[in-house]
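Just so you know, the sequences run in chain order A and B.
If you read the first sequence in this note's numbering, its first letter stands for residue 1, the second for the next number, and so on.
If you read the second sequence in this note's numbering, its first letter stands for residue 417, the second for the next number, and so on.
Backbone N, C-alpha and C fix where the C-beta goes; we use that ideal spot for every residue, glycine too.
Single-structure report; data block below.
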Amino acid sequence: MSPTTLTRRAALAGLGSALAVPLALPAIRPAWAQGAPIKVGVLHSLSGTMAISETALRDTVLMMVEWANAQGGVLGRKLEAVVVDPASNWPLFAEKARELLQVHKVDVTFGCWTSVSRKSVLPVFEELKGLLFYPVQYEGEEESPNIFYTGAAPNQQAIPAVEYLMSDDGGEAKRIVLLGTDYVYPRTTNRILRGFLNSKGIANADIMEEYTPFGHSDWQGIVARVKRFAGEGKKTAIVSTINGDANVPFYRELGNQGIKAEDIPCVAFSVGEEELAGIDTKPLVGHLAAWNYFMSVPGAPNEEFKKLWQTYIKNPKRVTNDPMEATYTGFRMWMQAVQKAGTTAVAQVTPALIGQKLTAPCGYEEEMLPNHHLSKPVLIGEVQADGQFNIVWKTPNAVKAENWSQFIPENANRRR
Amino acid sequence: MKRHLLGLCLALLLALPAAAQDRFASALAGLGEGFGQTAEVAERLGALGDPRAIPLLRALQDGTLRRTPAGAVLLPNGTDAATGQPADATGAEPVRINNRVRQVLRGALGRLQLISPDPAERLAAAEAVFRSPAPENVPLLQSALTQEREARIRAQLELALAASQLRADDAAAKRDAVARLGTAATTEARALLIEARAANPEIATAIDVSIAAIEQRLALRRVVETLFQGLSLGSVLLLAALGLAVTFGVMGVINMAHGEFVMLGAYATFVVQELCRGIPWLAPWSLPLAVPAAFLVTALAGAVLERGLIRHLYGRPLETLLMTFGVGMILQQAVRLAFGAQNREVVSPSWMQGTLMFPGGIAMTQNRLWIIVFGIFVLLLVVAAIRFTRFGLEMRAVVQNRRIAATMGIRTGRVDAMTFAFGSGLAGLAGVALSQIDNVSPNLGTGYIIDSFMVVVFGGVGSLAGTLVGALTLGVVNKVLEPYAGAVLAKVCVLVAIMLFIQRRPKGLFALKGRAAES
């Protein structure tokens, strides 16, 4: 036993008591002999375009496996990670999911980032009765019995953010520009937002909607048009569902054309600490992002989470972000559910997961709801010069997820 | 009696600073207790007109103002803002602000700095007050106007006054303000007028006249700005295509790794920037230094590629295409291994940031402007190299008739290598420019290779003038279409148009004529 493990365990003991989790530290470490290891599948792209974002999530799952083993495992059994690389290739996601379930016989899988990859593995998990935890905010309109969604649904991110822009504090925006990358997540989110804005009395003439391809770099025309749109009277705000590295030239153009946050604030749904790491944030101070967690959240649970991550990754400057926190929360809840069910069998763990509670690093108690989504707080942060977020607004309590949005007319006859 | 009065006046005069002190200190109450309260404090301080508020509000703006648990407000130098004395800073936390506070702060600071001795500050203040119009600004602006001498600041003050008068109750002043805003020709002025139109139905026609006047001038400006955007896109295309115009246009080599050479140039820029970072006086000049560095690196890579592989495949375009495609993939992965998959940040020097304002309110972003200048520079470089150097002469000779050139004593193999290296070096120069507007990532080049071929084919293979006209035409047409069709559809339209054009004129805009073109 090396001294570093000892200090980490001491730190985790503090975490355990601070969070008052039902998972008590065993006084005597049980022997591993009580059963074969529990297999945890990791289905994140480690190469290709999504590797930038997903590699950190692979590391988060590995960190949690190490953490759980330091606690004595689950049900007295050791955890073992099985990592595969679907290489940002959507059909390959389905093949790799099948490999995890059939060849490696994993008990649980953590994975996927883009909605298209989740849609690709969904039939595999349903057919083979697997269990997937999906940790990224998404457009909703889905509810699989074999998937637990630990990221935000639209009512936990997009709608509160727009509500904030329309409030006194957010600048009373009366005109909204919806800018997005051209694929399913921005298009669905903007459809929901348009429905919401119409319900708040904002006419379609006061909504501008534009899409650009992945990796778009020439933003001068679009930003100039936003400026012109804003000059037609009434306070204007931008809602950005721009994804990936197209954000860098977009924000650069905002800065160069002198669009200040106090005149035309821009709230982003896919820009977090990791994405800002590659941008000079000084001209962007005051622009906003909506998430359910920021690295700057105060409180003991987040301090412990950050310490755990930076110790594991051996870099005291590495940032944490929202999907990492969602992975962490999902993993902890799964451990609690397995503990409660007394088995890792999916048929028993799934009902045990419903109603699991955890004080997440965001500082709120989150609960797994019957619709397989979490109740989560909504936080809105302003970009600071150091690339972190200054939290300017938050919900008083965790908000229950509505994965079937009430602003999409087809959902009217769904159970709610 | 008289003496009594005098005494009273004296006492009042003595008491005045103390009273002001009190007013200032009591205005600070509530600062940092919430965004709403902080905004109110900023509002009060702006109205008070006390110069001590200026450093305080500036510190609040920068996030360097702190507040102790006891409620004392500390300036960045550690003194208590209310008393001016050094204070105990234990447990002090920065006062946080949001966009609403920022907005109020800008207005408050503007009001306080209208009579600053620094003209730049006064101009900024006038702009700030213009952006936060309120009836109570009217007397303040009027008195500032009586003192102001500089025409530029006066004009801005007039606008600010008009904006504030629009919100005040004086009907005559309001009509006057509407007329003055009509001459402004800015989107902000139009926004103010549109807002005022709903609140003032009695002067709606006057407002409409002013709005129409503004729109007319804005329309003209829009044309100029669209043209600028088109030229800027065109110059990017030109830069990316110039290298190809040499390797493909002159030598006839289909180099699918051209985009990767562009990417190498961008990475060379990144490396030069990192090397310069340690030397403070050199750091702002890393970009000009990167120009020769990127050229040399990619030219060398091009020479190696030509000597090592391409020369064995002359006359076999299909094999060349496949081979260079493979080389491109190898280069991409090599860069990914060397620098990581994460994008690299190339910082824009300060002289390339922000917007340049031209007369008539036409705004052009500096980085795009510099890229246009750079594009012209590189084009002149290419023309000069081909027309006026020995290397250019030999190159043209080899292209026209290789065997006769060889009998004249020209080492054609060496000329081939140098031509290819030259074209590759030009791709590297494009990389320097692209590092300023796009992400420096291993797949930077893939986005430009199609466009480059498009420009060269459209302009006419082998013609530099064709490349220039082709690039600029495509850039402008793209930007003119974009507002109507959207970014994606505009590009589709341009592609379809080019396909139709090539059907009619297979040799492009500037077709080469004569025997050289036939062979």
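Check whether the Cβ of residue i sits closer than 7 angstroms to any heavy atom of the ligand MN, and report yes or no.
| i | result |
| --- | --- |
| P765 (chain B) | The ligand MN is absent from the structure shown, which contains no ligand whatsoever. |
So, at 6 angstroms on beta carbons, what are the nonlocal neighbours of residue i in its own chain, with the 5 sequence-adjacent residues on each side left out?
| i | result |
| --- | --- |
| L660 (chain B) | H674, S868 and V872 |
| A33 (chain A) | With a pLDDT of 47 at A33 (chain A), under the threshold of 50, the modelled position of this residue cannot be trusted; read the value that follows with caution. Same-chain partners within the cutoff: there are none. |
| A593 (chain B) | A578, Q581 and L582 |
| A481 (chain A) | The requested residue 481 (chain A) is not part of the displayed model; chain A covers only 1 to 416. |
| P551 (chain B) | R583 and A584 |
| V651 (chain B) | Val is not the amino acid found at residue 651 (chain B); the sequence shown has Ser there. So the qualifying residues of the chain are I787, I788 and G791. |
| P186 (chain A) | G180 and T241 |
| V520 (chain B) | A455, A458 and E459 |
Check the Cβ-Cβ distances between residue i and every residue of chain B, and say whether any is below 8 angstroms.
| i | result |
| --- | --- |
| Y437 (chain A) | It is not possible to answer for residue 437 (chain A), since the shown part of chain A is limited to 1 through 416. |
| S117 (chain A) | no |
| P396 (chain A) | no |
| R332 (chain A) | no |
| G171 (chain A) | yes |
| V392 (chain A) | yes |
| G286 (chain A) | yes |
| D85 (chain A) | no |
| D59 (chain A) | no |
| G387 (chain A) | no |
By Cβ distance below 7 angstroms, which residues in the same chain neighbour residue i in space, the five residues on each side in sequence not counted?
| i | result |
| --- | --- |
| G808 (chain B) | A801 and I802 |
| L785 (chain B) | L772 |
| K105 (chain A) | K39 |
| L444 (chain B) | V457, V489, A497 and A498 |
Compute the distance between the beta-carbons of residue i and residue j, then report whether it is under 8 angstroms.
| i | j | result |
| --- | --- | --- |
| A503 (chain B) | F546 (chain B) | no |
| V108 (chain A) | V61 (chain A) | no |
| L884 (chain B) | L795 (chain B) | yes |
| R379 (chain B) | G448 (chain B) | Any answer about residue 379 (chain B) is impossible in this case: the structure gives chain B only from 417 up to 935. |
| D169 (chain A) | W393 (chain A) | yes |
| V662 (chain B) | G876 (chain B) | no |
| A401 (chain A) | Q156 (chain A) | yes |
| L647 (chain B) | G891 (chain B) | yes |
| F926 (chain B) | A887 (chain B) | no |
| E676 (chain B) | A837 (chain B) | no |
| L128 (chain A) | D85 (chain A) | no |
| V904 (chain B) | P370 (chain A) | no |
| S405 (chain A) | P154 (chain A) | yes |
| A576 (chain B) | A605 (chain B) | no |
Since residue i contacts residue j with CB under 8 angstroms, what's their CB separation in whole angstroms?
| i | j | result |
| --- | --- | --- |
| S217 (chain A) | D854 (chain B) | 4 angstroms |
| C266 (chain A) | I238 (chain A) | 4 angstroms |
| Y211 (chain A) | G180 (chain A) | 5 angstroms |
| V743 (chain B) | G847 (chain B) | Actually they are not in contact, since the Cβ atoms of V743 (chain B) and G847 (chain B) sit about 16 angstroms apart, beyond 8 angstroms. |
| N514 (chain B) | E95 (chain A) | Actually they are not in contact, since the Cβ atoms of N514 (chain B) and E95 (chain A) sit about 48 angstroms apart, beyond 8 angstroms. |
| R693 (chain B) | A699 (chain B) | 6 angstroms |
| L942 (chain B) | A710 (chain B) | Within the shown structure, residues of chain B are numbered from 417 to 935, placing residue 942 (chain B) beyond reach of any answer. |
| V762 (chain B) | V639 (chain B) | Not quite, the Cβ-Cβ distance comes to about 33 angstroms (not below 8 angstroms), so this is no contact. |
| G841 (chain B) | G731 (chain B) | Between G731 (chain B) and G841 (chain B) the Cβ distance is about 25 angstroms, and since that is not below 8 angstroms, they are no contact. |
| L284 (chain A) | G258 (chain A) | Between G258 (chain A) and L284 (chain A) the Cβ distance is about 12 angstroms, and since that is not below 8 angstroms, they are no contact. |
Please list, in chain order, all residues of the same chain as residue i whose beta carbon is under 8 angstroms from its beta carbon, the five residues on each side excluded.
| i | result |
| --- | --- |
| M63 (chain A) | L308, W309, Y312 and I313 |
| S199 (chain A) | F407 |
| F125 (chain A) | A97, L101, T109, L131, L132, S144, N146 and I147 |
| T425 (chain A) | Residue 425 (chain A) lies beyond the range of chain A shown here (1 to 416); nothing can be said about it. |
Any beta-carbon of chain A closer than 8 angstroms to the one on residue i?
| i | result |
| --- | --- |
| A903 (chain B) | yes |
| D854 (chain B) | yes |
| R693 (chain B) | no |
| L649 (chain B) | yes |
| Q645 (chain B) | yes |
| I918 (chain B) | no |
Problem set entry | Where the region 248-270 of chain A meets chain B: residues whose CB sits under 9 angstroms from a CB there | V248, P249, R252, E253, G255, N256, Q257, G258, K260, A261, E262, D263 and P265
Problem set entry | Residues of the region 867-879 of chain B with Cβ closer than 7 angstroms to any Cβ of chain A, in chain order | Cβ contacts with chain A come from no residue of the region 867-879 of chain B.
Problem set entry | Where the region 558-576 of chain B meets chain A: residues whose CB sits under 7 angstroms from a CB there | Listed by position, the residues of the region 558-576 of chain B near chain A (Cβ gap below 7 angstroms) amount to none.
For this session: Output, in sequence order along the chain, the residues in the region 586-618 of chain B whose CB is closer than 7 angstroms to any CB in chain A.
Result: Listed by position, the residues of the region 586-618 of chain B near chain A (Cβ gap below 7 angstroms) are T603, E604, R606, A607, I610 and E611.
Problem set entry | Contact residues within the region 213-228 of chain A, judged by C-beta distance below 8 angstroms to chain B | Listed by position, the residues of the region 213-228 of chain A near chain B (Cβ gap below 8 angstroms) are P213, G215, H216, S217, D218, Q220, G221, I222, A224, R225, K227 and R228.
Problem set entry | Members of the region 362-375 of chain A near chain B, C-beta cut-off 9 angstroms | none
Exercise. If contact means a Cβ-Cβ distance below 7 angstroms, which residues of the region 487-520 of chain B contact chain A?
Worked result: From the region 487-520 of chain B, only R512, N514, N515, R516, R518 and Q519 have a Cβ closer than 7 angstroms to chain A.
Exercise. Closer than 7 angstroms, Cβ to any Cβ of chain B: which residues of the region 171-199 of chain A, in chain order?
Worked result: G171 and D182
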